[in-house]
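Okay, so the sequence shown: first residue is 710 according to my numbering, each after it adds one. Glycine residues also receive a C-beta, built at the ideal position from the N, C-alpha and C atoms. In this text, all values refer to a predicted model and were calculated from it rather than measured experimentally. The next block holds one structure in the form of C-alpha coordinates; read it before the comments.
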Amino acid sequence: MTRDDSSLRRFLHGLPGVDQVGAEARAASLATRSIKTTAKAWAIDTAIRMVDLTTLEGADTHGKVRSLCAKAARPDPSDPTAPAVAAVCVYPDLVATAVQALRGTGVGVASVATAFPSGRAALATKLVDVRDAVAAGASEIDMVIDRGAFLSGRYLQVFDEIVATKQACGTAHLKVILETGELVTLDSVRRASWLALLAGGDFIKTSTGKVTPAATPPVALVMLQAARDFAARTGEVRGVKLAGGIRTTKEAVRYLVMVNEVAGDRWLSPDTFRFGASTLLNDLLQQRHKLSTGAYDGGDYVSID
(Lines of atoms letter the chains of each structure in order from A and count residues from 1; the text may use other names and numbers.)
(Lines give C-alpha, C1' and ligand atoms only; values in the text may rest on other atoms or scores of the structure.)
Protein backbone atom coordinates (compact mmCIF):
# COMPACT_ATOMS: atom_id res chain seq x y z
CA MET A 1 0.00 0.00 0.00
CA THR A 2 3.01 2.31 0.32
CA ARG A 3 4.85 1.36 -2.87
CA ASP A 4 3.55 4.39 -4.77
CA ASP A 5 1.43 7.48 -4.25
CA SER A 6 -1.71 6.09 -5.85
CA SER A 7 -1.68 2.93 -3.71
CA LEU A 8 -1.16 4.95 -0.55
CA ARG A 9 -3.93 7.35 -1.54
CA ARG A 10 -6.35 4.48 -2.19
CA PHE A 11 -5.64 2.99 1.22
CA LEU A 12 -5.94 6.26 3.15
CA HIS A 13 -9.11 7.33 1.37
CA GLY A 14 -10.50 3.82 1.79
CA LEU A 15 -10.42 4.13 5.58
CA PRO A 16 -13.89 4.38 7.15
CA GLY A 17 -15.07 7.96 7.41
CA VAL A 18 -15.37 9.54 10.84
CA ASP A 19 -18.85 10.42 12.05
CA GLN A 20 -18.06 13.82 13.55
CA VAL A 21 -21.27 14.03 15.56
CA GLY A 22 -20.82 10.49 16.81
CA ALA A 23 -17.17 11.10 17.75
CA GLU A 24 -18.06 14.23 19.67
CA ALA A 25 -20.90 12.43 21.47
CA ARG A 26 -18.69 9.46 22.35
CA ALA A 27 -15.94 11.75 23.67
CA ALA A 28 -18.48 13.73 25.71
CA SER A 29 -19.96 10.56 27.22
CA LEU A 30 -16.53 9.34 28.32
CA ALA A 31 -15.93 12.69 30.02
CA THR A 32 -18.86 12.05 32.36
CA ARG A 33 -17.32 8.92 33.92
CA SER A 34 -16.48 9.31 37.61
CA ILE A 35 -13.78 7.42 39.48
CA LYS A 36 -13.36 6.59 43.15
CA THR A 37 -10.74 8.21 45.40
CA THR A 38 -8.38 5.22 45.32
CA ALA A 39 -8.60 5.07 41.54
CA LYS A 40 -8.02 8.82 41.35
CA ALA A 41 -4.78 8.48 43.34
CA TRP A 42 -3.60 5.82 40.89
CA ALA A 43 -4.68 7.95 37.93
CA ILE A 44 -2.77 11.00 39.19
CA ASP A 45 0.45 9.05 39.67
CA THR A 46 0.00 7.38 36.29
CA ALA A 47 -0.55 10.75 34.62
CA ILE A 48 2.60 12.16 36.26
CA ARG A 49 4.62 9.22 34.89
CA MET A 50 3.23 10.00 31.42
CA VAL A 51 4.22 13.68 31.31
CA ASP A 52 6.79 14.96 28.85
CA LEU A 53 7.70 18.09 30.83
CA THR A 54 8.21 20.66 28.11
CA THR A 55 9.82 24.02 27.52
CA LEU A 56 9.90 25.23 23.93
CA GLU A 57 10.34 28.99 24.10
CA GLY A 58 12.78 31.26 22.32
CA ALA A 59 13.89 32.58 25.71
CA ASP A 60 14.84 29.14 27.11
CA THR A 61 18.19 29.09 28.90
CA HIS A 62 20.52 26.36 30.15
CA GLY A 63 19.58 27.35 33.71
CA LYS A 64 15.87 27.00 33.01
CA VAL A 65 16.41 23.56 31.50
CA ARG A 66 18.49 22.39 34.47
CA SER A 67 15.74 23.60 36.82
CA LEU A 68 13.09 21.82 34.77
CA CYS A 69 15.13 18.61 34.80
CA ALA A 70 15.42 18.75 38.60
CA LYS A 71 11.65 19.05 38.80
CA ALA A 72 11.16 16.22 36.29
CA ALA A 73 13.27 13.81 38.36
CA ARG A 74 11.83 14.90 41.72
CA PRO A 75 8.48 16.62 41.03
CA ASP A 76 7.61 17.10 44.71
CA PRO A 77 10.75 17.69 46.84
CA SER A 78 8.65 17.33 50.01
CA ASP A 79 7.32 13.91 49.01
CA PRO A 80 9.77 11.29 47.72
CA THR A 81 6.88 8.96 46.81
CA ALA A 82 5.83 11.28 43.97
CA PRO A 83 6.90 9.58 40.72
CA ALA A 84 9.24 11.10 38.15
CA VAL A 85 7.92 12.17 34.76
CA ALA A 86 8.57 10.28 31.52
CA ALA A 87 10.81 12.80 29.78
CA VAL A 88 11.90 16.40 29.43
CA CYS A 89 11.31 17.91 25.98
CA VAL A 90 13.56 20.75 24.75
CA TYR A 91 15.01 22.27 21.60
CA PRO A 92 18.01 20.45 20.03
CA ASP A 93 20.62 22.96 21.23
CA LEU A 94 19.59 22.31 24.85
CA VAL A 95 19.60 18.51 24.67
CA ALA A 96 23.15 18.14 26.02
CA THR A 97 22.25 20.25 29.05
CA ALA A 98 19.19 18.09 29.76
CA VAL A 99 21.12 14.85 29.27
CA GLN A 100 23.76 15.94 31.78
CA ALA A 101 21.16 17.09 34.31
CA LEU A 102 19.11 13.88 34.06
CA ARG A 103 21.93 11.34 34.00
CA GLY A 104 21.09 8.42 36.30
CA THR A 105 17.50 9.51 36.95
CA GLY A 106 15.72 7.30 34.41
CA VAL A 107 13.97 10.35 32.92
CA GLY A 108 14.26 10.50 29.14
CA VAL A 109 15.31 13.45 27.00
CA ALA A 110 13.08 14.33 24.06
CA SER A 111 13.89 16.92 21.43
CA VAL A 112 11.71 18.60 18.84
CA ALA A 113 13.23 18.57 15.38
CA THR A 114 12.55 18.82 11.62
CA ALA A 115 12.20 22.62 11.62
CA PHE A 116 9.74 22.64 14.54
CA PRO A 117 7.06 24.01 14.70
CA SER A 118 6.40 24.87 11.03
CA GLY A 119 8.19 21.99 9.36
CA ARG A 120 9.09 24.39 6.55
CA ALA A 121 12.58 23.35 5.52
CA ALA A 122 14.34 21.10 3.05
CA LEU A 123 14.44 17.45 4.05
CA ALA A 124 18.24 17.51 4.27
CA THR A 125 18.03 20.37 6.77
CA LYS A 126 15.40 18.53 8.81
CA LEU A 127 17.54 15.40 8.99
CA VAL A 128 20.58 17.39 10.18
CA ASP A 129 18.33 18.76 12.94
CA VAL A 130 17.42 15.20 13.96
CA ARG A 131 20.97 13.85 13.82
CA ASP A 132 22.30 16.75 15.91
CA ALA A 133 19.70 16.09 18.63
CA VAL A 134 20.41 12.35 18.66
CA ALA A 135 24.18 12.94 18.74
CA ALA A 136 23.68 15.21 21.76
CA GLY A 137 21.94 12.35 23.58
CA ALA A 138 18.21 12.67 22.85
CA SER A 139 16.43 9.35 23.32
CA GLU A 140 13.20 10.61 21.72
CA ILE A 141 12.58 12.85 18.71
CA ASP A 142 9.34 14.77 18.14
CA MET A 143 9.08 15.61 14.42
CA VAL A 144 6.44 17.66 12.60
CA ILE A 145 4.89 16.54 9.34
CA ASP A 146 4.68 18.82 6.32
CA ARG A 147 1.03 19.81 6.66
CA GLY A 148 1.09 21.64 3.34
CA ALA A 149 2.12 18.44 1.57
CA PHE A 150 -0.46 16.38 3.45
CA LEU A 151 -3.33 18.79 2.79
CA SER A 152 -2.31 18.95 -0.88
CA GLY A 153 -2.62 15.18 -1.09
CA ARG A 154 1.11 14.52 -1.47
CA TYR A 155 0.91 11.58 0.91
CA LEU A 156 3.95 9.70 -0.37
CA GLN A 157 6.13 12.77 0.23
CA VAL A 158 4.99 12.91 3.86
CA PHE A 159 5.45 9.14 4.20
CA ASP A 160 8.99 9.26 2.80
CA GLU A 161 9.95 12.14 5.12
CA ILE A 162 8.77 10.18 8.16
CA VAL A 163 10.68 7.09 7.00
CA ALA A 164 13.86 9.15 6.48
CA THR A 165 13.44 10.80 9.88
CA LYS A 166 12.94 7.43 11.57
CA GLN A 167 16.19 6.21 9.98
CA ALA A 168 18.01 9.33 11.18
CA CYS A 169 16.76 8.66 14.72
CA GLY A 170 18.76 5.47 15.02
CA THR A 171 17.74 3.92 18.34
CA ALA A 172 15.80 7.02 19.46
CA HIS A 173 12.01 6.76 19.44
CA LEU A 174 10.12 8.90 16.94
CA LYS A 175 6.96 10.83 17.79
CA VAL A 176 5.17 12.20 14.72
CA ILE A 177 3.35 15.49 15.29
CA LEU A 178 0.27 15.79 13.08
CA GLU A 179 -0.68 19.36 14.11
CA THR A 180 -4.33 18.37 14.16
CA GLY A 181 -5.52 21.96 14.53
CA GLU A 182 -4.44 22.53 10.92
CA LEU A 183 -5.88 19.29 9.53
CA VAL A 184 -9.44 20.68 9.85
CA THR A 185 -11.43 17.42 9.74
CA LEU A 186 -11.45 14.22 11.77
CA ASP A 187 -11.18 12.28 8.50
CA SER A 188 -7.84 14.02 7.90
CA VAL A 189 -6.76 13.22 11.46
CA ARG A 190 -7.52 9.53 10.87
CA ARG A 191 -5.62 9.49 7.55
CA ALA A 192 -2.63 11.35 8.99
CA SER A 193 -2.55 8.98 11.97
CA TRP A 194 -2.48 5.90 9.76
CA LEU A 195 0.09 7.49 7.45
CA ALA A 196 2.44 8.18 10.38
CA LEU A 197 1.97 4.68 11.78
CA LEU A 198 2.57 3.02 8.41
CA ALA A 199 5.76 5.06 7.99
CA GLY A 200 7.16 3.77 11.28
CA GLY A 201 6.32 6.41 13.87
CA ASP A 202 6.62 5.06 17.40
CA PHE A 203 4.03 7.61 18.59
CA ILE A 204 1.48 9.80 16.91
CA LYS A 205 1.17 13.21 18.56
CA THR A 206 -1.55 15.84 18.32
CA SER A 207 0.20 19.16 18.27
CA THR A 208 3.24 21.38 18.58
CA GLY A 209 1.40 23.38 21.22
CA LYS A 210 1.79 26.44 18.99
CA VAL A 211 -1.53 26.05 17.13
CA THR A 212 -5.09 26.05 18.45
CA PRO A 213 -7.09 23.94 18.72
CA ALA A 214 -4.54 21.35 19.80
CA ALA A 215 -5.51 18.26 21.80
CA THR A 216 -9.29 17.88 21.90
CA PRO A 217 -11.37 14.87 23.03
CA PRO A 218 -12.70 14.02 19.52
CA VAL A 219 -9.18 14.21 18.04
CA ALA A 220 -7.80 12.05 20.86
CA LEU A 221 -10.59 9.54 20.27
CA VAL A 222 -9.77 9.20 16.57
CA MET A 223 -6.01 8.89 17.18
CA LEU A 224 -6.52 6.24 19.87
CA GLN A 225 -8.80 4.31 17.52
CA ALA A 226 -6.09 4.46 14.84
CA ALA A 227 -3.41 3.13 17.23
CA ARG A 228 -5.77 0.39 18.42
CA ASP A 229 -6.78 -0.66 14.91
CA PHE A 230 -3.19 -0.55 13.66
CA ALA A 231 -2.16 -2.88 16.48
CA ALA A 232 -5.05 -5.23 15.71
CA ARG A 233 -4.05 -5.44 12.03
CA THR A 234 -0.27 -5.59 12.40
CA GLY A 235 0.43 -6.78 15.94
CA GLU A 236 2.58 -3.68 16.49
CA VAL A 237 1.64 -1.47 19.45
CA ARG A 238 2.41 2.21 18.88
CA GLY A 239 1.87 5.14 21.22
CA VAL A 240 -0.26 8.29 21.31
CA LYS A 241 0.83 11.63 22.74
CA LEU A 242 -1.60 14.45 23.50
CA ALA A 243 -0.04 17.90 23.60
CA GLY A 244 -1.40 21.42 23.74
CA GLY A 245 -3.98 22.86 26.11
CA ILE A 246 -4.16 20.09 28.74
CA ARG A 247 -3.68 21.90 32.03
CA THR A 248 -5.77 20.28 34.75
CA THR A 249 -5.92 16.96 36.57
CA LYS A 250 -9.59 16.63 35.65
CA GLU A 251 -8.73 16.79 31.95
CA ALA A 252 -5.84 14.34 32.30
CA VAL A 253 -7.96 11.80 34.19
CA ARG A 254 -10.72 12.06 31.58
CA TYR A 255 -8.19 11.28 28.88
CA LEU A 256 -6.95 8.26 30.83
CA VAL A 257 -10.53 7.00 30.98
CA MET A 258 -10.72 7.46 27.21
CA VAL A 259 -7.45 5.58 26.70
CA ASN A 260 -8.75 2.64 28.71
CA GLU A 261 -12.19 2.57 27.08
CA VAL A 262 -11.10 3.16 23.47
CA ALA A 263 -7.65 1.61 23.08
CA GLY A 264 -7.41 -0.64 26.14
CA ASP A 265 -5.39 -0.90 29.32
CA ARG A 266 -2.20 -1.91 27.48
CA TRP A 267 -1.97 1.76 26.49
CA LEU A 268 -2.06 2.93 30.14
CA SER A 269 1.72 3.17 30.27
CA PRO A 270 4.33 5.86 29.52
CA ASP A 271 5.61 3.48 26.84
CA THR A 272 2.41 3.97 24.86
CA PHE A 273 0.74 7.16 26.10
CA ARG A 274 2.09 10.60 26.97
CA PHE A 275 0.98 14.10 27.85
CA GLY A 276 3.06 16.93 26.41
CA ALA A 277 2.71 19.62 29.05
CA SER A 278 4.27 22.30 31.20
CA THR A 279 1.57 23.51 33.61
CA LEU A 280 -0.29 20.17 33.91
CA LEU A 281 2.32 18.74 36.28
CA ASN A 282 1.71 21.51 38.83
CA ASP A 283 -2.00 20.77 39.03
CA LEU A 284 -1.38 17.02 39.28
CA LEU A 285 0.99 17.64 42.20
CA GLN A 286 -1.48 19.92 43.97
CA GLN A 287 -4.32 17.42 43.56
CA ARG A 288 -2.05 14.60 44.72
CA HIS A 289 -1.17 16.53 47.89
CA LYS A 290 -4.82 17.33 48.52
CA LEU A 291 -5.71 13.63 48.39
CA SER A 292 -3.09 12.83 51.00
CA THR A 293 -3.73 15.79 53.34
CA GLY A 294 -7.37 16.72 52.69
CA ALA A 295 -6.47 20.39 52.26
CA TYR A 296 -5.84 22.59 49.27
CA ASP A 297 -2.39 24.16 48.90
CA GLY A 298 -1.56 27.69 47.99
CA GLY A 299 -0.07 28.54 44.63
CA ASP A 300 3.42 28.52 46.14
CA TYR A 301 3.32 24.76 46.84
CA VAL A 302 4.63 24.08 43.34
CA SER A 303 7.33 25.87 41.37
CA ILE A 304 6.39 28.25 38.57
CA ASP A 305 8.15 27.14 35.41
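Assign residue i to buried or exposed, taking buried as 16 or more other Cβ atoms, counted over all protein chains shown, within 10 Å of its Cβ.
i, result
"V722", "The amino acid at residue 722 is misidentified as Val; the sequence shows His. Counting Cβ neighbours within 10 Å, H722 comes out exposed, since fewer than 16 surround it."
"P789", "exposed"
"E960", "buried"
"E888", "buried"
"T1096", "Residue coverage of the chain in this structure runs from 710 to 1014, which leaves residue 1096 outside it and unanswerable."
"V1077", "Only positions 710 to 1014 of the chain appear in the structure, and residue 1077 is not among them; the question remains open."
"E945", "exposed"
"G948", "buried"
"D713", "exposed"
"P786", "exposed"
"G862", "exposed"
"R937", "buried"
"L1000", "exposed"
"D855", "buried"
"G890", "buried"
What residue range does the alpha helix (DSSP H) around residue i cover?
i, result
"I753", "T746 to R758"
"A833", "L832 to A844"
"K780", "H771 to A782"
"K999", "L989 to T1002"
Give the single residue among the options whose Cα lies nearest to the Cα of residue i.
i, options, result
"P826", "R937, G767, L811 and T790", "G767"
"A972", "Q995, A929, A986 and D992", "A929"
"A737", "V821, L762, K835 and M967", "M967"
"A793", "A781, P801 and D938", "A781"
"G918", "T764, A748 and A795", "T764"
"G815", "R758, A923 and V949", "R758"
"Q729", "V760, T925 and H882", "T925"
"G953", "F912, A858 and T988", "T988"
"H882", "A941, A842 and L965", "A842"
"T958", "R812, R783, K749 and T921", "K749"
Please report the Cβ distance between residue i and residue j, rounded to the nearest whole angstrom; I am assuming they are in contact, meaning their Cβ atoms lie under 8 Å.
i, j, result
"R899", "A845", "About 35 Å; that fails the 8 Å criterion."
"A810", "M852", "Actually they do not touch by this definition, with Cβ atoms about 24 Å apart."
"K835", "T874", "7 Å"
"R927", "L904", "Note on residue identity: the sequence assigns Pro, not Arg, to residue 927. Actually they do not touch by this definition, with Cβ atoms about 19 Å apart."
"S902", "I886", "No, S902 and I886 are not in contact; Cβ-Cβ is about 12 Å, not under 8 Å."
"A795", "D761", "6 Å"
"L739", "R963", "7 Å"
Could you tell me the boundaries of the beta strand (DSSP E) in which residue i lies?
i, result
"E870", "Here E870 belongs to no beta strand (DSSP E); instead the alpha helix (DSSP H) covers Y864 to C878."
"V799", "A796 to V799"
Are the region 747–762 and the region 986–997 touching, with three or more C-beta to C-beta distances below 8 Å?
yes
Three or more beta-carbon pairs under 8 Å between the region 770–790 and the region 972–984, yes or no?
no
May I ask you to verify whether the region 791–811 touches the region 826–835, counting CB pairs closer than 8 Å and requiring at least 3?
no
Determine contact between the region 868–881 and the region 898–917, defined as no fewer than three beta-carbon pairs at a distance below 8 Å.
yes
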